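Residue numbers (the numbering used here), protein chains in the order written: chain R, 470 to 844; chain H, -10 to 79.
Please read the structure below before turning to the comments.
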């Protein structure tokens, strides 16, 4: 693994680094500086390097090892805390946490193989592996399957044993893929992660949520300011599995309504659904890549209006994550709605309307969607 | 060689936060054993180690460890003597 050493960077890169380290130091002190240094070192690694303009809307060379960097920070924190404090991690306390984190680890490993060697596994093989993984998780731990989500028809299906299991498995695989698909702009998926773990941490106060909030906050600062990093498949698959597991448990426990989770995770789910429909209508495979996502179109709209290409990219991600998951976090912090309320479906409906109106407008004023695969 | 040194520094700095969080937690165990209240003030040391946001997170973990979290069964803490090394408590 070859790594660029810090002093070899250019003057503009050094000023970017200085800003990132300053923000990390102010928010998370010495620990934040350590996490930022670790991420900086890994971002310079030639392993997992993404060519310019290959990933999402990025036009700079960036690393796909963001997921690895976040994982290392979380592991150091949790292992250290378990070794020298009275804290007992979830995987020791409960079987369902052990199975969930095993599934998260397997998702990370699946994505990591792809980050290190693109097309190492075929898309169908990865999809099949995720079905097997989540199918096994929900089969062994049916505690993750919510029995009521506020809709009579869906509740009926969820309460039918095999059907409920199949439905949640399909949803889980779709959700993990949706989060991977949304990881195309700086600060988009990390922003969703910060808002989500912020909510979970405020609600439960679990050290694991605190560690994840810390790691993703540092990654968010790094990602938005420099654009040198993406979560990569390891990060987006692992994060998708973690958000899914904690979200499902929150709904099952009755701490959160399904509407709350729908509003919190709105963008990846909605963008995935709209992309699949767009590709199906165009006669393409639902797996074929295209540039018709809202973040692609918003970036194309912002690019000529913002001087720095990195800032245009970051502004795109921050606007989308801030107006969806960020809005949920703000409403939660202001305690305007109880987390168990079905009124969150109202906010979800507003987010859907905002997405569709913006996409419709941008599609009407911009060139047609381009697809990577032939019809 | 220099890269390895940077990695060691990075892990060491993260370790500073881990030790600070752990010592705050261990200190709270001592206070709880004496039926004392949670300390809600942040020390200079905790702000330097964990930052303005991180020290708030550590405080919440400790206060929730005593109240909500334990009541709801989301986290369980072992008795101090089972895990803590004397040097960590003192």
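In this text, a Cβ means the ideal position worked out from N, Cα and C, and glycines have one as well.
Small disclaimer: the values here were computed from a predicted structure and weren't measured.
Query, Result
"Continuous alpha helix (DSSP H) assignments of at least 4 residues falling wholly in the region 773 to 798 of chain R", "778 to 790"
"Chain H contacts made by the region 607 to 624 of chain R, where a contact means CB separation under 7 Å", "none"
"Beta carbon of residue 46 of chain H nearer than 8 Å to that of residue 669 of chain R", "no"
"Residue nearest to residue 814 of chain R in terms of C-alpha spacing, selected from R/654, R/728, R/719, R/826", "R/728"
"Alpha-carbon to alpha-carbon, residue 21 of chain H and residue 789 of chain R", "44 Å"
"CB of residue 590 of chain R within 8 Å of CB of residue 582 of chain R, strictly", "yes"
"Residue 1 of chain H classed as buried or exposed, judged by whether at least 16 other C-beta atoms fall within 10 angstroms", "exposed"
"Enclosing alpha helix (DSSP H) for residue 676 of chain R [first to last residue]", "676 to 695"
"Under 8 Å from the C-beta of residue 496 of chain R: neighbouring residues of chain H", "40, 41, 42, 43"
"Closer than 8 Å to chain R by CB, residue 11 of chain H", "yes"
"Any chain H beta carbon closer than 8 Å to residue 555 of chain R", "yes"
"Endpoints, alpha helix (DSSP H) assigned at residue 836 of chain R", "Premise fails: residue 836 of chain R is in no alpha helix (DSSP H) and is neither H nor E."
"Residue 490 of chain R, enclosing alpha helix (DSSP H) - first and last residue", "480 to 512"
"Rounded separation between residue 743 of chain R and residue 756 of chain R - CA only", "13 Å"
"Nearest residue (CA-CA) to residue 490 of chain R, options R/707, R/641, R/691, R/810", "R/691"
"Inter-residue Cα distance where the pair is residue 483 of chain R and residue 535 of chain R", "20 Å"
"Integer Cβ distance of residue 642 of chain R from residue 600 of chain R, believed to fall under 8 Å", "6 Å"
"Buried versus exposed, by CB contacts within 10 Å (16 or more), residue 629 of chain R", "exposed"
"Residue 693 of chain R, buried or exposed, once every other Cβ within 10 Å from all chains shown has been counted against 16", "buried"
"For residue 759 of chain R, the residue or residues it bridges with in DSSP", "R/840"
"Partner residues on chain R for residue 50 of chain H, Cβ-Cβ distance less than 7 Å", "674, 676, 679"
"For residue -1 of chain H and residue 498 of chain R, believed in contact at Cβ under 8 Å, the rounded distance", "That belief does not hold up - the Cβ atoms of residue 498 of chain R and residue -1 of chain H are roughly 14 Å apart, past 8 Å."
"Chain C contact for residue 28 of chain H (CB, 8 Å cutoff)", "No chain C appears in this structure, whose protein chains are R and H."
"Cutoff 8 Å: residue 16 of chain H Cβ touching any chain R Cβ", "no"
"Test: residue 808 of chain R CB closer than 8 Å to a CB of chain H", "no"
"Selection from R/776, R/752, R/725 that minimises the alpha carbon distance to residue 619 of chain R", "R/725"
"Residue 652 of chain R vs residue 695 of chain R beta-carbon contact at 8 Å", "no"
"Min CB distance residue 33 of chain H to chain R below 8 Å", "no"
"Contact check, residue 703 of chain R vs residue 537 of chain R, beta carbons under 8 Å", "yes"
"Per DSSP, the bridge partner or partners of residue 734 of chain R", "In DSSP, residue 734 of chain R forms no bridge with anything."
"CB of residue 568 of chain R within 8 Å of CB of residue 543 of chain R, strictly", "no"
"Unbroken alpha helix (DSSP H) run spanning residue 13 of chain H, endpoints", "-9 to 22"
"Closest Cα partner of residue 32 of chain H within the set H/-3, H/-5, H/19, H/13", "H/13"
"Residue interval of the alpha helix (DSSP H) (run including residue 562 of chain R)", "559 to 562"
"Closer than 7 Å at the beta carbon, the chain R residues around residue -6 of chain H", "Here the premise fails: no neighbours, minimum Cβ distance about 10 Å."
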